[in-house]
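55 is the number of the first residue of the sequence shown in the numbering used here; add one for each residue after it.
Ideal Cβ placement from N, Cα and C applies to all residues, glycine included.
Here the structure is laid out as structure tokens; the discussion comes afterwards.
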Amino acid sequence: MREKNIIIGTAGHIDHGKTTLIKALTGADTDRLQQEKDRGISIELGFTGFTLEDGNQIGIIDVPGHEKFVKNMLAGASGIDLALLVVAADEGMMPQSDEHLAILDLLGVKHGIIVLTKIDKVDSDWLELVIEDTKEKTVDTFLDGAPVVPVSSTEGVGIDDLKSEIQKMVEKIPEKDSEGNVYYPIDRVFTMKGFGTIVTGTLFSGSIEVEDELEIYPERKKARVRSLQVHNSKVEKVFPGQRVGINLAGIDKNEINRGDVLAAPSSLIKTKFFEAHLKLLTGLSFLVKHGDRIRFHIGAQEVLGRIFLFDREELLPGEDAYVQFRLEEELVAHFGERFVLRRYSPMTTIGGGKIIEIDPPPRKGNYKKALEELKTMENADPEKRVEILIKNRKKEAVEKKYLLKRTTLAEKKLEQCLNSLSKKGVIKKLSDTQNSTWIHIDNLYNAEKELLSLISDYHKSRKLKKGIKKEELRSQSEYYFDKQEFSRVLNWMKKNQKIKEQENIISLKDFSISLSEKEKNIKEDIITIFKNNLFNPPAVEDIVENYGNSEQAADIIQYLVDSGELIRLAQNIYFHQSALEKAFNKLNEYFAEHESIELSEFRDLIESTRKFSLPLLEEFDRQKITQRRGDKRFPNKKLLN
């Protein structure tokens with residue numbers, strides 16, 4: 055079994071000893087800016103790590119404690135597996151301790167340890183008071199009942215106890231799945247002489263190898279992995295939960311920003327619209343109103359936007375609701391990813407939650423349905439989420455690559471969901487390409503209903519036609535099926551005994567042409583005209599004109615063509631089918647005595663004109679009854695015999 059890769063993050067008020075604690079744990083100073091060393095506070099994120107005795111790799115993120123740098127704290131807090139809430143024993147819980155604790159709760163951190171630092175500055179009685187106070191203030195948070203470890207980082211007291219508690223916590227944290235898609239939020243970008251562009255971050259999912267081609271979102275720029283580093287050591291492959299430095303080729307530092315996401319090519323959707331389950335903090339002194347401007351923090355990114363409530367005008371402190379965010383810039387996220395909201399001004403933390411819908415469909419005022427759907431999606435397993443996404447695309451088949459982006463599932467897992475739903479009859483595959491397309495069975499039945507109605511209407515308006523042309527039917531449909539998908543839908547309808555198809559003509563299963571007495575009389579008249587003029591047939595326009603340019607006469611002529619009674623050999627040149635039989639017999643008799651025949655000879659043979667003789671000969675050529683060589687035609691003896 056591969057060792058676990060665990061990310062520990064510190065949290066706590068400014069000057070409570072977070073950086074000093076990390077140095078005591080690892081021997082590394084995470085303050086890298088001169089300004090940080092001069093002022094004695096952390097401004098940017100600091101990173102280091104160490105290895106536990108059992109081989110598990112621990113990455114540590116040191117976050118700033120000052121309220122001015124909460125944005126930076128949020129950039130590092132995403133992806134934390136285990137939080138160390140650092141509280142100075144000589145001060146106890148302070149405002150930033152509370153805010154950091156709230157943020158970690160909102161980000162869904164489940165494991166943590168309370169670390170009381172600077173115990174060398176207080177007596178035992180005071181320490182007991184601080185321990186009790188801290189326990190009380192962490193009730194109903196993820197730290198409720200968490201271990202409390204007193205330490206003195208400067209004297210090394212309690213550090214071994216802390217490592218022991220970390221070891222126990224690590225055993226409780228489940229191993230991460232490396233089979234998913236690559237998702238790597240970037241929290242730092244810099245250049246190094248001789249190497250070029252370097253990015254750092256925590257790998258959320260998937261695995262990355264040297265020479266992998268990845269894509270930077272939301273810019274959609276490609277880059278190649280030149281080298282990988284974990285805990286200052288070069289590696290060939292990295293796994294979820296590791297703090298990773300990536301040397302990228304093919305992209306400049308100025309083309310990447312903190313908050314961008316490195317992912318597999320074409321695996322994510324960039325959008326300004328997200329729907330989520332939001333919970334407000336209980337201690338707010340204000341309401342959150344529909345349309346309020348907010349600061350949206352996700353991964354290492356901060357974007358301005360507005361919040362829209364589906365079923366109310368305002369949200370009270372401590373309440374939760376399904377909401378839509380409309381942001382001012384595009385970004386990417388994955389299903390279930392945690393976010394934090396901060397007030398636009400003054401910048402205080404409002405609440406947070408998790409993403410449910412990425413680039414949601416237009417709601418068009420149907421908010422009740424939207425709320426039901428979001429509730430179902432939030433609590434659904436992957437298979438149900440896939441079903442909902444397919445069902446929501448009412449008028450089209452859904453591409454697999456669309457589902458990969460919307461669900462952020464690994465391709466293998468998505469295939470399992472699709473195959474399971476297909477076996478249950480919930481969805482149906484409409485194309486077999488690598489990017490297969492799928493439709494929900496309910497939507498397929500609705501498509502069938504619409505197509506049957508269109509075919510029925512066509513039969514009513516053109517009752518002398520066998521049916522509607524396949525492509526004409528597809529163009530009339532409100533469903534956006536390509537040719538392959540449409541053929542699959544029609545095949546499904548044929549299997550259900552709803553329609554029949556002949557030479558790309560679609561009709562209802564039980565449809566047959568029925569002529570009225572008047573139509574029968576017109577039909578017989580037209581047949582008589584053509585029979586009486588076998589090799590010098592009339593123009594169709596003339597016949598239609600004789601019947602007052604009626605659409606009825608034109609439809610009957612087309613009916614005779616469809617039934618094979620009349621045969622169209624050229625533009626506006628039609629023959630009765632018996633003309634071809636008689637011409638064939640005459641030609642056969644002629645070839646019994648002659649080796650070949652020319653057009654003029656055939657014209658005289660059937661007592662016609664060049665205009666009508668040529669189409670007949672060309673039809674015999676097409677049927678391989680004759681073979682043309684120059685101006686002459688020779689018999690195909692095999693066929694003639």
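- Of I481, F364 and D116, the smallest CA-CA separation from K418 is found for F364.
- If only uninterrupted beta strand (DSSP E) runs of at least 3 residues are considered, those enclosed by the stretch 235-279 are 237-246, 250-256 and 267-271.
- Residue environment: H70 is assigned as buried (16 or more neighbouring CB atoms within 10 Å of its CB, all protein chains considered).
- Between E309 and the set T325, Y644, E145 and R242, the nearest pair of CA atoms involves R242.
- R439 places its beta carbon 8 Å or farther from that of I323.
- Taking all protein chains in view, the Cβ of S218 is surrounded by fewer than 16 other Cβ atoms within 10 Å, so the residue is classified as exposed.
- Secondary structure remark: continuous beta strand (DSSP E) runs of at least 3 residues inside the stretch 488-561, in chain order: 491-494 and 553-556.
- For the options H630, D231 and P294, the alpha carbon positioned closest to that of G113 is the one of P294.
- Rounded to whole angstroms, L170 and A143 show a C-alpha spacing of 6 Å.
- By the Cβ criterion, the stretch 251-264 is not in contact with the stretch 62-77, since fewer than three pairs of Cβ atoms, one from each stretch, lie closer than 8 Å.
- Counting only residues of its own chain and dropping the five nearest sequence neighbours on each side, E539 has a CB closer than 7 Å to the CB of A451, L484, S485 and T491.
- The continuous stretches of beta strand (DSSP E) do not include F565, and DSSP gives it neither H nor E.
- When the alpha-carbon of D231 is set against those of K520, F666 and A464, the nearest one is in A464.
- Linking F656 to E673 through their CA atoms gives a straight-line distance of about 13 Å.
- The way I'd put it, the stretch 607-622 doesn't touch the stretch 658-666; fewer than three beta-carbon pairs between them come closer than 8 Å.
- Taking the Cβ atoms as the reference, A156 lies roughly 6 Å from L335, within the contact range of under 8 Å.
- When C-alpha distances from I227 are compared across E573, L136, Q355 and E267, the shortest belongs to L136.
- Closest in C-alpha terms to L138, from the list H513, L634 and I167, comes I167.
- In the three-state reduction of the DSSP assignment, R683 falls in the strand class, which pools E and B.
- Boundaries of the alpha helix (DSSP H) harbouring T461: K454 to T461, taken from the DSSP string.
- In the DSSP assignment, G113 forms a beta bridge with I61 and G103.
- The distance from the Cβ of K191 to that of M147 is about 5 Å, consistent with a contact at the 8 Å cut-off.
- For E426, the closest alpha carbon among the candidates G406, E329, Q221 and E356 is that of E329.
- DSSP, read as helix, strand or coil, puts I76 in helix.
- A Cβ-Cβ distance of about 14 Å is found for the pair R349 and L160, leaving them out of contact under the 8 Å criterion.
- Q470 has its alpha-carbon roughly 10 Å from the corresponding atom of S476.
- Residue environment for Q378: buried (at least 16 other C-beta atoms within 10 angstroms of its C-beta).
- For R360, the CB contacts under 6 Å within the same chain, skipping 5 residues up- and downstream, are G345, R347 and R380 in chain order.
- Shown here for Y601: same chain residues with a beta carbon closer than 8 Å to its own, the five before and five after excluded, namely I576 and A607 in chain order.
- With contacts defined as CB atoms closer than 8 Å, N489 and E453 qualify as a contacting pair.
- Taking C-beta atoms as the reference points, I61 and I134 count as a pair closer than 8 Å.
- With a beta-carbon spacing of about 25 Å, F688 and S632 fall beyond the 8 Å limit used to define contacts.
- Sequence-distant Cβ neighbours of D616 in its own chain, meaning closer than 6 Å and more than five residues away, are K520.
- In the DSSP assignment, R664 falls within the alpha helix (DSSP H) that extends over R664 to R676.
- Of L332, A354 and D174, the smallest CA-CA separation from A387 is found for A354.
- Contact annotation: L428 and L443 have beta-carbon atoms that are not nearer than 8 Å.
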